[in-house]
Every structure is written in C-alpha cells, then in structure tokens.
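Residue 127 in our numbering sits at position 127 of the sequence shown, and the numbers go up by one each step. Backbone N, C-alpha and C fix where the C-beta goes; we use that ideal spot for every residue, glycine too. Please read these numbers as outputs of a predicted model, since none were measured by experiment.
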Amino acid sequence: MAKNAIQKIAMNAAENIPYDKLMLSQKNVRRIKDGVSIEQLAEDIGRRKLIQSLNVRPVLDGEGEETGTFEVPAGGRRYLALGILIKQKRLAKNEPIPCIVNRRQETSAEEDSLAENLRRADLHPLDQFRAFKTLSDQGLDPDEIGARFFVSPATVRQRLRLASVSPKLLDLYEKDEIRLEQIMALSISDDHARQEQVWERISSSHTQEPYYIRRLLTETTVRADDRRAVYVGAEAYEAAGGVILRDLFEQDSGGWFQDAALLEQLVFDRLKVDAEAIRAEGWKWVDAAISFPYGHTSGMRRIYAEAQELSAGEIERYDALKAEYDQLDADYAKAEDADEAIEAKLDQLGSELDAIDDRPQSYDPAQKAIAGVFVTLAANGALQVDAGFVRYEDEPRTETGDVDEGEEQGADGETRSNGGDDGDGVVVNGIPVHDASGDDGEDDGIKPLPDRLVFDLTAQRTLALRNAVAGDVDSAFVAALHAFVLQVFYRFAPNTCLEISLKSGSFSQVDGLAETSWAKEISERHEAWDRDLPDEAEGLWDFLLGLDEASRKALFAHCVSLTLNAVVEPWNRRAKALEHADVLGRSLQFDMVDAGWTPTVEFLGRLTKARILQAVREARGADSAQLIDHMKKDIMAREAARLLEGSNWLPEPLRVEVDEVSADAGDAVAGDMSVEAALDGDAAELPAFLADDADPSSDEPVTIDGDKADHLQAAE
1 MAKNAIQKIA MNAAENIPYD KLMLSQKNVR RIKDGVSIEQ LAEDIGRRKL
51 IQSLNVRPVL DGEGEETGTF EVPAGGRRYL ALGILIKQKR LAKNEPIPCI
101 VNRRQETSAE EDSLAENLRR ADLHPLDQFR AFKTLSDQGL DPDEIGARFF
151 VSPATVRQRL RLASVSPKLL DLYEKDEIRL EQIMALSISD DHARQEQVWE
201 RISSSHTQEP YYIRRLLTET TVRADDRRAV YVGAEAYEAA GGVILRDLFE
251 QDSGGWFQDA ALLEQLVFDR LKVDAEAIRA EGWKWVDAAI SFPYGHTSGM
301 RRIYAEAQEL SAGEIERYDA LKAEYDQLDA DYAKAEDADE AIEAKLDQLG
351 SELDAIDDRP QSYDPAQKAI AGVFVTLAAN GALQVDAGFV RYEDEPRTET
401 GDVDEGEEQG ADGETRSNGG DDGDGVVVNG IPVHDASGDD GEDDGIKPLP
451 DRLVFDLTAQ RTLALRNAVA GDVDSAFVAA LHAFVLQVFY RFAPNTCLEI
501 SLKSGSFSQV DGLAETSWAK EISERHEAWD RDLPDEAEGL WDFLLGLDEA
551 SRKALFAHCV SLTLNAVVEP WNRRAKALEH ADVLGRSLQF DMVDAGWTPT
601 VEFLGRLTKA RILQAVREAR GADSAQLIDH MKKDIMAREA ARLLEGSNWL
651 PEPLRVEVDE VSADAGDAVA GDMSVEAALD GDAAELPAFL ADDADPSSDE
701 PVTIDGDKAD HLQAAE
C-alpha cells in the first residue's frame, strides 16, 4: 500500500509594488505606539534601506477581482515610515516596495498582523552588547552607534562596558546563572581575573547583591571624592598611569582611584612642593601631612598675623569713601524708583571699602623665624595651612645676667652654676648660695644664709601666704586661673608658686573628631583667648588682674573644660570618675541631643542588625522596627537613620544616668509614647521597593560579655 504523499508548502510570492498602490489596513492589531518611533524608523530606513518586506493583500472589488491596490495588515509602521520619507522628498511616490503578497488568504488579516508581532523575539541583551562591541571594533565610536540606533552615547558605553566583562561570566549570564544587575556591578573593574575572583567568592554565599559586588571590587581603591583624590586631581593621577574605575550604571561621584599607593605618592609629592613654597616665606619649619590627629598643636604657643597699619592717606581716603557711600545710600533710600546706575555706584564704593578693610595681614619676620606651619588637606581636598606655632624648644630663653664660663642655662631660662670658684652649685632666687661650714661665721663680710635656715623661713612664709590666700577668694581664684592659663597657653612656664597640675587628653586616635562642631567651637574659643593673652608669661598676672569678672570666669571655665575626661577605656577602669561626669552633666542640664548628636547612617552601620532594630524599637515602637527587620544591613541602617530622625534617641554610652525611680517612670512614658506614636502613624511607611525586599542577610551573632543573646535589653 503506497504511503500518503506529504503536501508541500507553497510560499506567498514576493512582488515589488509601487508605494502609491499600497494602503494601510485597518485590520492591523497594533494600536498603541511602542518602541522606536515612526520618525526614527524612517531615518533608519533612509540609512540602510528596507530590510524587511511588507505583508500585503490585494483589495478586491464587489465581484472578487483585484483592483490593483493592496492593503498592508502587517508592516504598518514600516509603511508609515516610508510615507514620511516621501513627504521629505527623499523617496518617490511610485517607488517599488518589496512586498509578500498573500492571495490565498487562508488566514485572516488580523491573525497575520498578530502573528508578525508575537512571533518576533527581541535580542537577548548579551547579543545586543556583543553587537555593539562588534560595531565598535569596526571603527564606530559611541556617538555614531548611538545616532544609528537612536540611543544615547552613554547607553552605548554601558553596553560596551557590559560586553567587556569576563567571557566566563558572560557565558554564565547567557545561561541565566548571573543576573543582569550583577553583571553591571562586575563591570566596574576591567580586570577579568578580579571579576572572576569576586564572583567565585560570592557565588556560594547568601549575599550576592550588586552593592556587595561593588564593595568587593573597590575595597582597595580610593573614592574620587576623597580629600586625597580631590587634591591630586583625576588628570594628574591618570597622567601618572593611574586607572579610575567608573560605574556607568549608578552615580559614583567620579569613580574610584584604583591605585591607592600611586595616589598617596602623588599626594606626598605635591605636599612637598607646597610645603617648600610655604617655608620659603620665612618660616622655621613646615610640617605637612594628609591629616593630623586632634590635639597635635597641644603645648605650642601660637603667634598671629597682624593687619598692616593704614597710612594717613589711606585713612583719609577711607573716610571720604565712607561718607560718600553713606550719603548716596541715604539719598537712594528716599527715592521711589530703582536706579541701576546708583546701585552700581554703591556696589563700587562698597568694594573699595572692603578692599581697605581686608588689607593684607603679615607676621613679624622675627616671630616667623622661630615658628612653623602645619599643612594638611581639608575635607574638601583644599590645602589647609595653619601657621604660627612655636615649639617649646624654639622658645627664646630669658637670661638673668651674663652666663660666665662654668655656668649653664637651665630649662627655665635661668643660669645654673655647675660648681667652681663662685659657689657650691646652689642657687636661690638667682643668687649663688655658698656653704658656711668650715668657718665660724665671724669672718669679715656678709655670707649667704645656710640652706636649712632658708628652708625654715620660706616654709613659714608659705604657710602664712596659704592662710592669706584662703581668706581672699578673688585672689585664690586669680592664682588658680593664672596656673591653669600658664599650663594651657604657655607650655612649661614656671611662673607660678601653685603646685596645681592640669592634664588634658587629646583623643587623637578617634577619626573625624576634629571635624565635629564641638571641636571647632573649642578651637575657635581657644584661638580667640590665645590672641588676647600677652605674648610672654611674665605679663600674664597683670593681664588677669585687669580682666573683668565675667571674662575671668569665662577663661577659667575654658581651661577647666579642657581637663574633663569622660572617655570609657577598656583598660582604664575609672568608674568613680565616669559617675562624676554624669553628676556634672545633670548639674549642667547637659544632653547630647541638645548638643547636636544624631544617629547617622555611618554610626548605625557600625552596629549589629539586632542593635539597629533595638534602637528603632526604643525610639519609635515595635511597629516601626517591623518595617525594616527584613532588610539587609546597609539599607536597614539608612532607613533606621530616617526613622530615628527627630526621635531624641541616644545610645547607652551617651545617656545620662538617672535614679531608678525616674528611670522606671521614663521607661513607662517612653513605652506609652511609642504605642501612641504607632497608632498615630509615626511609624512611617517605607517605599514599596524596600518593603518588598524580603531576602534578609545574616548578621554576626549578638554577644553580651562573650555570650550569645537573641535579644538585647536597653541599659537602664
């Protein structure tokens, strides 16, 4: 028995049909504009001609005969694009158009239109990346590729960057084993080996988010907004052979300087040049560094620049300008209409007055010869020059008389005898004291009193003076203030008879402490007093006596404040001292919230996730904590900072201890407030894209004194 013959498929014929014989079918299923616009498609056809024919059907008359015109149910966008070219006179009306003619009409026009759109598959993104790279290899730059395919040059650069990722990783992306956003993160680095190393590290980890990939790829780099990078500049860094990593898919603030060692060397090279230029101005020394620890100028005397005195001619000119400005300003204030000419004249006069007021300041050359300059980088990368510091060893020594041979000068500037013809090495009040033993004291001439007698007499004077000071509070206050100021502003000055010791910690190991508002206020206050105090310690006592009571108290408070130390150190148990800090804080009604402390993202990022949630729970209630408990740590820290804003929440070390009754009452009130806040809507809703992030990352276990704990209780 013969097998049934398989019926062969016959294709619809292709014909070239003049454009003016075509018409758009109303049976085309596409109604909504999508993708490339008709105008862009027209430009593309004008560049490369038609690369896909139209699908048409003959229009029949009432008797079923062809009328010579054809409708286009599939390919309507191409038809409209050709029409635009005709309107632009770039295409003839009767230009033959390649068409597939469906005369059998075994399917409906609507079905053909739908099939053409549904059966068409977009390129896999990787195919697009590789195609763009092929065009780039053929010599087209990103601008030209973007113009030809109607995308921005930035988009082209992104595609080219993705195509440059390690082929091994792109193969995994093709197999859907790596997500597109992970490939985007990996593209930051051009080092294929490093890309593969990072992927191998995280592929078996539960944390595979793009932010973590970027962090691993840039962990040894320096951000472009770092003070060192800003100081050197991207141009100089790249000219020296450095590479800048850029993230083409997210805001990167200028990228990352890949070679940190090269950058540091460039910083030091430029600092050396800048420091030499400053030292050439006449300073004894210049100390330059990227940054200095807080308190690095402790113990140094400060000298300040003084404005140049105005000459008689300059004073006369200033007075004339001021009078003219005041008169013109007064007249203009009475005018009803604005006058640009008068405003310009006022601006001119104001600028001239400012120029005189802001006359240059200069240092005394003799002072510069013993002083130095600290040169460092400000937070914004600008060169920061702090001038006028005199080290103790450079201080001029005050001599009492000529220093003869056999004498040496002591650390306090006074002469000390080392023995010899004039005495036995003992000096009292600057006068050599001779030993009276070996004689009867009856020789001619008056000899110095014996050491023991001098001691006895001065001991009596000391007790009497102590008693007198105890009866004069004002003098006692000035004496203590005098001793404090000597130690704070005049290093090692021995100009006091009070045995008062003042210590001040610098806390130089704390990063960023110098940038806080408190450090800046202390520094400004210290500098203001330093400017007012006499240059030499000998004139300090009279200066203090001449101050009014309020100024003395302010200076006393400043000196005392520098001795305060409430730092908790694991190796230094100072429980009583820390308790006193709380007592002092309560007396001052001091609170870190009022002082300006807020829980920043950086601070919260140093806590465990359990601690972050505990903070939000304490400040805003359990409902607010539940809003973020599913998040990854970096996002949790950011959203926690937003929730804690304005809550007055403080971590345990910053809270002032209160008595037990007050604490219990405070906890109860805080609890009620948290509930009310939650009911009133204070537990703010998070953006939907964050609330949907339900893949929490694990965190290190919370420990208390070495033991694991599932929940941390707030300190009372």
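Spatial distance of residue i from residue j (CA atoms)
i: residue 652; j: residue 557; result: 28 Å
i: residue 152; j: residue 376; result: 42 Å
i: residue 636; j: residue 530; result: 46 Å
i: residue 81; j: residue 235; result: 46 Å
i: residue 601; j: residue 588; result: 29 Å
i: residue 304; j: residue 274; result: 21 Å
i: residue 256; j: residue 47; result: 40 Å
i: residue 13; j: residue 30; result: 25 Å
i: residue 713; j: residue 611; result: Any reading at residue 713 is ruled out, since the residue's pLDDT is 33, under 50, leaving its predicted position unreliable.
i: residue 168; j: residue 145; result: 26 Å
i: residue 216; j: residue 288; result: 32 Å
i: residue 187; j: residue 342; result: 60 Å
i: residue 298; j: residue 521; result: 16 Å
i: residue 374; j: residue 638; result: 37 Å
i: residue 243; j: residue 258; result: 6 Å
i: residue 283; j: residue 202; result: 55 Å
i: residue 688; j: residue 207; result: Annotation note: pLDDT 46 at residue 688 (below 50); position unreliable, no value reported.
i: residue 335; j: residue 344; result: 15 Å
i: residue 26; j: residue 53; result: 19 Å
i: residue 277; j: residue 204; result: 55 Å
i: residue 131; j: residue 386; result: 57 Å
i: residue 357; j: residue 307; result: 9 Å
Reduced DSSP category for residue i - H, G, I as helix; E, B as strand; rest coil
i: residue 244; result: strand
i: residue 636; result: helix
i: residue 388; result: strand
i: residue 257; result: strand
i: residue 361; result: strand
i: residue 292; result: coil
i: residue 64; result: coil
i: residue 585; result: helix
i: residue 372; result: strand
i: residue 10; result: coil
i: residue 630; result: coil
i: residue 476; result: helix
Counterpart residues of residue i in DSSP-defined beta bridges
i: residue 377; result: 383
i: residue 16; result: 98
i: residue 302; result: 389
i: residue 307; result: 361
i: residue 223; result: 256
i: residue 70; result: 22, 58
Run of the beta strand (DSSP E) containing residue i, from where it starts to where it stops
i: residue 58; result: 54-60
i: residue 598; result: Where residue 598 is concerned, there is no enclosing beta strand (DSSP E), given that its DSSP letter is neither H nor E.
i: residue 24; result: 22-24
Limits of the alpha helix (DSSP H) - the one that residue i falls within
i: residue 83; result: 76-87
i: residue 721; result: Because the chain in this structure spans residues 1 to 716, residue 721 falls outside the shown range and cannot be described.
i: residue 283; result: Taken as a continuous stretch (DSSP letters only), residue 283 belongs to no alpha helix (DSSP H), as it is neither H nor E.
i: residue 559; result: 549-561
i: residue 134; result: 125-137
i: residue 541; result: 540-546
i: residue 649; result: Counting along the chain, residue 649 falls outside any alpha helix (DSSP H), and DSSP gives it neither H nor E.
i: residue 217; result: 210-217
i: residue 38; result: 38-48
i: residue 322; result: 312-334
i: residue 206; result: Element bounds for residue 206: n/a, residue is neither H nor E.
i: residue 28; result: Looking at the DSSP string, residue 28 is not in any alpha helix (DSSP H), and its letter there is neither H nor E.
8 Å Cβ cutoff met for residue i and residue j
i: residue 346; j: residue 325; result: yes
i: residue 55; j: residue 137; result: no
i: residue 371; j: residue 350; result: no
i: residue 596; j: residue 523; result: no
i: residue 74; j: residue 116; result: yes
i: residue 61; j: residue 67; result: yes
i: residue 18; j: residue 142; result: no
i: residue 733; j: residue 248; result: Since the displayed the chain opens at 1 and closes at 716, residue 733 lies outside it and no answer follows.
i: residue 644; j: residue 592; result: no
i: residue 45; j: residue 77; result: no
i: residue 380; j: residue 230; result: yes
i: residue 210; j: residue 239; result: no
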